[in-house]
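Student:
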Amino acid sequence: MIIHILPGAERLGALAARHIEVALLGVRRPVLGVATGSSPEPVYAALADRASAGTFRVDSLRAFALDEYVGLPDDHAERYRNVLLRAFADPLGIDDRSVHVPDGGDADPSAAAEAYERAIHLAGGIDLQLLGIGRNGHIGFNEPGSDFRSLTRVVELADSTRVANARFFADRDEVPRHSISQGLATIMRARAALLIATGAAKAEAVRAALTGPVTTDLPASVLQRHPALSVYLDGEAASALDLHLLESIAVVHDWRA
(Lines of atoms letter the chains of each structure in order from A and count residues from 1; the text may use other names and numbers.)
(Lines give C-alpha, C1' and ligand atoms only; values in the text may rest on other atoms or scores of the structure.)
Protein backbone atom coordinates (compact mmCIF):
# COMPACT_ATOMS: atom_id res chain seq x y z
CA MET A 1 0.00 0.00 0.00
CA ILE A 2 1.20 3.50 -0.83
CA ILE A 3 -0.56 6.46 0.80
CA HIS A 4 -0.22 9.91 -0.76
CA ILE A 5 -1.19 12.85 1.46
CA LEU A 6 -1.86 16.05 -0.48
CA PRO A 7 -2.72 19.63 0.53
CA GLY A 8 -6.07 19.80 -1.24
CA ALA A 9 -8.48 18.32 -3.74
CA GLU A 10 -6.99 20.00 -6.81
CA ARG A 11 -3.48 18.69 -6.18
CA LEU A 12 -4.91 15.30 -5.24
CA GLY A 13 -6.90 15.15 -8.47
CA ALA A 14 -3.87 16.07 -10.58
CA LEU A 15 -1.61 13.40 -9.08
CA ALA A 16 -4.29 10.71 -9.04
CA ALA A 17 -5.01 11.44 -12.71
CA ARG A 18 -1.33 11.06 -13.52
CA HIS A 19 -1.33 7.79 -11.58
CA ILE A 20 -4.22 6.50 -13.71
CA GLU A 21 -2.54 7.60 -16.93
CA VAL A 22 0.70 5.83 -16.06
CA ALA A 23 -1.08 2.70 -14.79
CA LEU A 24 -2.98 2.28 -18.07
CA LEU A 25 -0.08 3.21 -20.32
CA GLY A 26 0.69 0.37 -22.69
CA VAL A 27 -2.56 -1.51 -22.00
CA ARG A 28 -4.05 -2.17 -25.43
CA ARG A 29 -7.74 -1.87 -24.48
CA PRO A 30 -7.68 -0.56 -20.91
CA VAL A 31 -10.61 -1.04 -18.54
CA LEU A 32 -11.03 1.65 -15.89
CA GLY A 33 -13.41 1.16 -13.00
CA VAL A 34 -15.13 4.47 -12.25
CA ALA A 35 -16.98 5.78 -9.22
CA THR A 36 -19.50 8.52 -8.54
CA GLY A 37 -19.63 10.99 -5.66
CA SER A 38 -17.68 14.13 -4.86
CA SER A 39 -14.29 12.48 -4.23
CA PRO A 40 -13.56 11.45 -7.85
CA GLU A 41 -14.65 14.77 -9.39
CA PRO A 42 -11.21 16.47 -9.19
CA VAL A 43 -9.68 13.33 -10.70
CA TYR A 44 -12.06 13.40 -13.65
CA ALA A 45 -11.40 17.11 -14.17
CA ALA A 46 -7.66 16.48 -14.23
CA LEU A 47 -8.08 13.50 -16.57
CA ALA A 48 -10.09 15.73 -18.92
CA ASP A 49 -7.20 18.22 -18.96
CA ARG A 50 -4.76 15.42 -19.74
CA ALA A 51 -7.03 14.08 -22.47
CA SER A 52 -7.25 17.57 -24.02
CA ALA A 53 -3.47 17.83 -23.90
CA GLY A 54 -3.18 14.47 -25.66
CA THR A 55 -1.29 12.69 -22.88
CA PHE A 56 -4.21 10.51 -21.79
CA ARG A 57 -5.58 8.47 -24.66
CA VAL A 58 -9.27 7.63 -24.45
CA ASP A 59 -9.95 6.16 -27.90
CA SER A 60 -9.72 2.56 -26.66
CA LEU A 61 -10.69 3.14 -23.02
CA ARG A 62 -13.61 1.20 -21.56
CA ALA A 63 -15.19 2.24 -18.27
CA PHE A 64 -17.21 0.16 -15.82
CA ALA A 65 -19.16 1.81 -13.00
CA LEU A 66 -19.11 0.55 -9.44
CA ASP A 67 -22.85 0.77 -8.93
CA GLU A 68 -26.25 2.12 -9.94
CA TYR A 69 -29.46 2.95 -8.16
CA VAL A 70 -32.41 0.63 -8.69
CA GLY A 71 -35.64 2.12 -9.97
CA LEU A 72 -34.70 5.64 -11.09
CA PRO A 73 -36.11 6.72 -14.49
CA ASP A 74 -33.67 6.72 -17.41
CA ASP A 75 -33.67 10.53 -17.55
CA HIS A 76 -33.24 11.14 -13.80
CA ALA A 77 -30.29 13.45 -13.17
CA GLU A 78 -29.00 11.28 -10.31
CA ARG A 79 -29.08 8.02 -12.19
CA TYR A 80 -25.41 7.09 -12.04
CA ARG A 81 -25.13 6.50 -15.77
CA ASN A 82 -26.18 10.12 -16.31
CA VAL A 83 -23.84 11.35 -13.56
CA LEU A 84 -20.88 9.54 -15.12
CA LEU A 85 -21.67 10.83 -18.60
CA ARG A 86 -21.72 14.41 -17.26
CA ALA A 87 -18.73 14.21 -14.95
CA PHE A 88 -16.51 11.69 -16.71
CA ALA A 89 -17.32 10.63 -20.27
CA ASP A 90 -18.40 13.89 -21.86
CA PRO A 91 -15.50 16.03 -20.54
CA LEU A 92 -13.00 13.38 -21.70
CA GLY A 93 -14.66 12.84 -25.06
CA ILE A 94 -15.43 9.17 -24.39
CA ASP A 95 -18.12 7.50 -26.47
CA ASP A 96 -21.22 6.76 -24.37
CA ARG A 97 -21.13 3.16 -25.60
CA SER A 98 -17.78 2.68 -23.86
CA VAL A 99 -19.29 3.49 -20.46
CA HIS A 100 -20.88 0.44 -18.84
CA VAL A 101 -23.25 0.79 -15.89
CA PRO A 102 -25.53 -1.79 -14.22
CA ASP A 103 -29.09 -1.60 -15.54
CA GLY A 104 -30.94 -0.32 -12.50
CA GLY A 105 -34.12 0.00 -14.54
CA ASP A 106 -34.33 -3.68 -15.43
CA ALA A 107 -37.53 -5.41 -14.32
CA ASP A 108 -35.30 -8.10 -12.79
CA PRO A 109 -32.44 -6.25 -11.00
CA SER A 110 -30.85 -9.51 -9.82
CA ALA A 111 -30.57 -10.73 -13.41
CA ALA A 112 -29.14 -7.35 -14.40
CA ALA A 113 -26.53 -7.70 -11.64
CA GLU A 114 -25.48 -11.13 -12.88
CA ALA A 115 -25.29 -9.82 -16.45
CA TYR A 116 -23.05 -6.98 -15.30
CA GLU A 117 -20.69 -9.35 -13.50
CA ARG A 118 -20.41 -11.36 -16.72
CA ALA A 119 -19.77 -8.20 -18.73
CA ILE A 120 -16.81 -7.31 -16.51
CA HIS A 121 -15.42 -10.80 -17.00
CA LEU A 122 -15.91 -10.68 -20.77
CA ALA A 123 -14.10 -7.34 -20.90
CA GLY A 124 -11.05 -9.05 -19.42
CA GLY A 125 -11.49 -7.66 -15.92
CA ILE A 126 -10.75 -4.21 -14.57
CA ASP A 127 -7.20 -2.91 -14.90
CA LEU A 128 -7.57 -0.14 -12.34
CA GLN A 129 -10.54 0.46 -10.04
CA LEU A 130 -11.14 3.98 -8.72
CA LEU A 131 -12.85 4.01 -5.31
CA GLY A 132 -14.29 6.43 -2.80
CA ILE A 133 -15.25 5.54 0.75
CA GLY A 134 -18.47 6.17 2.66
CA ARG A 135 -18.57 7.48 6.19
CA ASN A 136 -19.66 4.02 7.37
CA GLY A 137 -16.79 2.41 5.48
CA HIS A 138 -18.69 1.24 2.42
CA ILE A 139 -17.03 0.97 -0.99
CA GLY A 140 -19.32 0.84 -3.96
CA PHE A 141 -22.63 0.24 -2.20
CA ASN A 142 -21.23 -2.62 -0.14
CA GLU A 143 -22.65 -1.69 3.24
CA PRO A 144 -21.37 -2.95 6.61
CA GLY A 145 -21.98 -6.69 6.86
CA SER A 146 -21.25 -7.34 3.18
CA ASP A 147 -19.57 -10.66 2.52
CA PHE A 148 -15.97 -10.40 1.31
CA ARG A 149 -16.88 -13.10 -1.26
CA SER A 150 -19.75 -11.07 -2.72
CA LEU A 151 -20.11 -10.49 -6.45
CA THR A 152 -22.23 -7.89 -8.26
CA ARG A 153 -25.68 -8.02 -6.71
CA VAL A 154 -28.70 -6.05 -5.50
CA VAL A 155 -28.06 -4.43 -2.12
CA GLU A 156 -30.24 -2.56 0.35
CA LEU A 157 -28.82 0.86 1.19
CA ALA A 158 -28.14 1.68 4.82
CA ASP A 159 -30.10 4.56 6.33
CA SER A 160 -26.84 6.47 6.86
CA THR A 161 -26.01 6.14 3.17
CA ARG A 162 -29.44 7.37 2.12
CA VAL A 163 -29.12 10.34 4.50
CA ALA A 164 -25.66 11.17 3.09
CA ASN A 165 -26.95 10.98 -0.49
CA ALA A 166 -30.14 12.93 0.18
CA ARG A 167 -28.30 16.16 -0.67
CA PHE A 168 -28.53 15.15 -4.34
CA PHE A 169 -32.32 14.76 -4.22
CA ALA A 170 -35.26 17.04 -3.45
CA ASP A 171 -35.83 15.15 -0.21
CA ARG A 172 -34.71 11.97 1.51
CA ASP A 173 -37.79 10.00 0.47
CA GLU A 174 -36.65 10.24 -3.16
CA VAL A 175 -33.36 8.42 -2.47
CA PRO A 176 -33.69 4.83 -3.73
CA ARG A 177 -33.58 2.07 -1.15
CA HIS A 178 -31.69 -0.41 -3.33
CA SER A 179 -28.83 -0.42 -5.78
CA ILE A 180 -26.87 -2.81 -7.96
CA SER A 181 -23.27 -2.82 -6.79
CA GLN A 182 -20.08 -4.58 -7.69
CA GLY A 183 -19.35 -6.96 -4.84
CA LEU A 184 -16.28 -6.87 -2.65
CA ALA A 185 -14.80 -9.90 -4.41
CA THR A 186 -15.45 -8.19 -7.76
CA ILE A 187 -13.62 -5.07 -6.58
CA MET A 188 -10.72 -7.08 -5.20
CA ARG A 189 -10.23 -8.79 -8.56
CA ALA A 190 -9.22 -5.49 -10.16
CA ARG A 191 -5.53 -5.64 -11.03
CA ALA A 192 -4.94 -2.33 -9.23
CA ALA A 193 -7.07 -0.17 -6.95
CA LEU A 194 -6.94 3.54 -6.20
CA LEU A 195 -8.78 4.84 -3.13
CA ILE A 196 -9.54 8.56 -2.85
CA ALA A 197 -10.90 10.47 0.14
CA THR A 198 -11.19 14.16 0.98
CA GLY A 199 -12.53 16.05 3.95
CA ALA A 200 -12.57 15.58 7.70
CA ALA A 201 -15.88 13.70 7.56
CA LYS A 202 -14.06 10.75 5.98
CA ALA A 203 -11.10 10.76 8.39
CA GLU A 204 -12.37 8.10 10.81
CA ALA A 205 -13.50 5.76 8.03
CA VAL A 206 -10.08 6.14 6.37
CA ARG A 207 -8.26 5.41 9.63
CA ALA A 208 -10.33 2.31 10.34
CA ALA A 209 -10.11 1.04 6.77
CA LEU A 210 -6.35 1.39 6.46
CA THR A 211 -5.10 0.61 9.98
CA GLY A 212 -7.93 -1.17 11.79
CA PRO A 213 -8.89 -4.84 11.74
CA VAL A 214 -10.08 -6.35 8.46
CA THR A 215 -13.75 -6.92 9.15
CA THR A 216 -17.05 -7.06 7.31
CA ASP A 217 -18.26 -4.41 9.78
CA LEU A 218 -16.13 -2.00 7.75
CA PRO A 219 -16.13 -3.22 4.13
CA ALA A 220 -13.32 -0.94 2.92
CA SER A 221 -10.93 -2.67 5.33
CA VAL A 222 -10.71 -5.56 2.85
CA LEU A 223 -8.55 -3.26 0.70
CA GLN A 224 -5.70 -3.93 3.12
CA ARG A 225 -5.49 -7.32 1.37
CA HIS A 226 -5.30 -5.87 -2.14
CA PRO A 227 -1.87 -6.51 -3.69
CA ALA A 228 -1.77 -3.20 -5.59
CA LEU A 229 -3.55 -0.48 -3.59
CA SER A 230 -2.70 3.21 -3.79
CA VAL A 231 -4.41 5.78 -1.58
CA TYR A 232 -4.76 9.52 -2.22
CA LEU A 233 -5.92 11.67 0.71
CA ASP A 234 -6.10 15.34 1.48
CA GLY A 235 -4.79 16.49 4.84
CA GLU A 236 -8.22 16.44 6.47
CA ALA A 237 -9.05 12.90 5.36
CA ALA A 238 -5.64 11.77 6.64
CA SER A 239 -5.95 13.62 9.95
CA ALA A 240 -6.97 10.59 12.05
CA LEU A 241 -4.19 8.32 10.79
CA ASP A 242 -1.58 7.28 13.34
CA LEU A 243 1.56 7.30 11.23
CA HIS A 244 3.30 5.09 13.82
CA LEU A 245 0.94 2.29 12.74
CA LEU A 246 2.04 2.71 9.12
CA GLU A 247 5.67 1.63 9.48
CA SER A 248 5.29 -1.06 6.78
CA ILE A 249 3.37 1.28 4.46
CA ALA A 250 4.91 3.93 2.22
CA VAL A 251 3.50 7.37 3.07
CA VAL A 252 4.23 10.20 0.67
CA HIS A 253 3.61 13.83 1.66
CA ASP A 254 3.39 16.28 -1.24
CA TRP A 255 2.68 19.87 -0.20
CA ARG A 256 3.90 21.61 -3.33
CA ALA A 257 1.58 24.20 -4.83
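Mind the numbering: the sequence shown is residues 11 to 267 in the numbering used here, read in order. Glycine is no exception: its CB is placed at the ideal position from the N, C-alpha and C atoms.
Which of helix, strand or coil does DSSP assign to residue 188?
Tutor: In the structure shown, residue 188 sits in a strand (DSSP, three-state: E or B).
Student: Have a look at residue 80 and residue 138 and give me their C-alpha separation to the nearest angstrom.
Tutor: Distance between the alpha carbons of residue 80 and residue 138: 25 Å.
Student: Compare the C-alpha of residue 86 against each of 185, 44, 149 and name the closest.
Tutor: Checked all of 185, 44, 149; the closest Cα to residue 86 is 185.
Student: My output table needs one value for residue 267: the three-state DSSP class, helix, strand or coil.
Tutor: Note that residue 267 scores a pLDDT of 38, beneath 50, so its modelled location is shaky and nothing firm can be said.
Student: Would you decide whether residue 100 is buried or exposed? Buried here means 16 or more other CB atoms lie within 10 Å of its CB.
Tutor: Residue 100 comes out exposed.
Student: Is residue 44 closer than 7 Å to residue 75 when the C-beta atoms are compared?
Tutor: Against a cut-off of 7 Å, the Cβ pair of residue 44 and residue 75 comes out as a contact.
Student: Could you say which of 170, 191, 190 lies nearest to residue 182 if we only look at CA atoms?
Tutor: Closest by alpha carbon: 170.
Student: Do residue 41 and residue 197 count as a contact pair if the criterion is CB distance below 7 Å?
Tutor: No, these two residues do not count as a Cβ contact at 7 Å.
Student: Jot down the residue ranges of each uninterrupted alpha helix (DSSP H) in the stretch 66 to 96, minimum 4 residues, whole runs only, in chain order.
Tutor: Runs found: 90 to 94.
Student: What are the boundary residues of the beta strand (DSSP E) that includes residue 240?
Tutor: Start and end: 239 to 244.
Student: I need the straight-line Cα distance from residue 16 to residue 54, nearest angstrom please.
Tutor: Distance between the alpha carbons of residue 16 and residue 54: 17 Å.
Student: For residue 188 versus residue 164, is the C-beta spacing smaller than 7 Å?
Tutor: Yes, these two residues count as a Cβ contact at 7 Å.
Student: State the Cα-Cα distance for the pair residue 218 and residue 92, rounded to the nearest angstrom.
Tutor: Those two C-alpha atoms are separated by around 32 Å.
Student: When the Cα atoms are used, what is the spatial distance from residue 216 to residue 243?
Tutor: About 9 Å.
Student: Exposed or buried, what is residue 35 when buried is set at 16 or more other beta-carbons lying within 10 Å of its beta-carbon?
Tutor: That one is exposed.
Student: Between the C-alpha atoms of residue 58 and residue 207, what's the straight-line distance to the nearest angstrom?
Tutor: Cα to Cα, the separation comes out at about 20 Å.
Student: DSSP beta-bridge partners for residue 332?
Tutor: Coverage of the chain is limited to positions 11 through 267, which leaves residue 332 absent and any answer about it impossible.
Student: Can you name, in chain order, every residue of its own chain whose Cβ lies under 7 Å from the Cβ of residue 267, other than the five neighbours on each side?
Tutor: Per-residue confidence for residue 267 stands at a pLDDT of 38, beneath the threshold of 50, marking its modelled position as unreliable; no derived number is given.
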